[in-house]
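Residues in the sequence shown are numbered from 313 upward in steps of one, following our numbering. Let me begin by presenting the structure, written as structure tokens, before commenting on it.
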Amino acid sequence: MAAASHYTYRVTWSEPDGEFVGTVAEFPSLSWLADSQSEVLDGIVTVVRDVLDDMASTGERPPVPIADRSYSGTFTVRTSPRVHRTLAVEAEEQGVSLNLLVNQKLSAPAGARADTRAGRGRAEST
313 MAAASHYTYR VTWSEPDGEF VGTVAEFPSL SWLADSQSEV LDGIVTVVRD
363 VLDDMASTGE RPPVPIADRS YSGTFTVRTS PRVHRTLAVE AEEQGVSLNL
413 LVNQKLSAPA GARADTRAGR GRAEST
């Protein structure tokens with residue numbers, strides 16, 4: 313059985329609830345509310361531990377934790393011909409492969425990706 317500590321947890325503030333909410337990516341239906349971040353993390357981990365115990369007792373197979381999965385580094389992305397062409401042109405203009413361009417875009421922080429779109433970059437004056 314997978315250890316509860318291997319699952320992917322997120323703690324965020326919930327304005328509507330006025331509390332922190334804890335969630336776990338591999339069990340999207342589970343959540344826990346508490347007044348502090350540490351309490352909410354302890355709470356959601358305990359819930360996952362209980363769910364894992366219940367699943368084990370009924371013979372159910374729990375999801376494999378994201379941390380325990382292996383990844384090849386390769387995946388296919390489907391897009392429109394227009395987007396494909398636009399990216400190919402941008403890669404050619406930068407003198408890089410389409411693969412490298414897309415990898416750079418995916419690896420950049422979200423704000424940097426938005427700033428580098430056509431017409432949105434910052435102009436520097438000298």
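The beta-carbon is built from N, C-alpha and C at its ideal position, and this holds for glycine as well. Predicted, not measured: the structure shown is a model, and the values here were computed from it.
Proximity of residue i and residue j at Cβ, strictly below 7 Å
i, j, result
"residue 321", "residue 356", "yes"
"residue 334", "residue 353", "yes"
"residue 422", "residue 360", "no"
Residue i to residue j span [Cα, whole Å]
i, j, result
"residue 402", "residue 340", "38 Å"
"residue 324", "residue 349", "8 Å"
"residue 345", "residue 314", "24 Å"
"residue 415", "residue 397", "16 Å"
"residue 437", "residue 319", "Residue confidence is low: residue 437 scores 40 on pLDDT, short of 50, so the model does not pin down where it sits. Its coordinate-derived value is still stated next. Looking at the two C-alpha atoms, the distance is approximately 48 Å."
"residue 418", "residue 381", "20 Å"
Bounding residues of the beta strand (DSSP E) (the contiguous stretch that carries residue i)
i, result
"residue 258", "The first residue shown for the chain is 313 and the last is 438, placing residue 258 beyond what the model contains."
Outcome for residue i when other beta-carbon atoms lying within 10 angstroms are tallied against a minimum of 16
i, result
"residue 400", "exposed"
"residue 338", "buried"
"residue 453", "Because the chain in this structure spans residues 313 to 438, residue 453 falls outside the shown range and cannot be described."
"residue 389", "exposed"
"residue 395", "exposed"
"residue 336", "buried"
Own chain, CB closer than 6 Å to residue i, minus 5 neighbours either side, in chain order
i, result
"residue 431", "No answer about residue 431 holds up, because its pLDDT of 46 lies below 50 and its placement is not dependable."
"residue 368", "313"
"residue 273", "Since the displayed the chain opens at 313 and closes at 438, residue 273 lies outside it and no answer follows."
Contacting residues, own chain, Cβ-Cβ under 8 Å from residue i (five flanking each side not counted)
i, result
"residue 379", "318, 319, 320"
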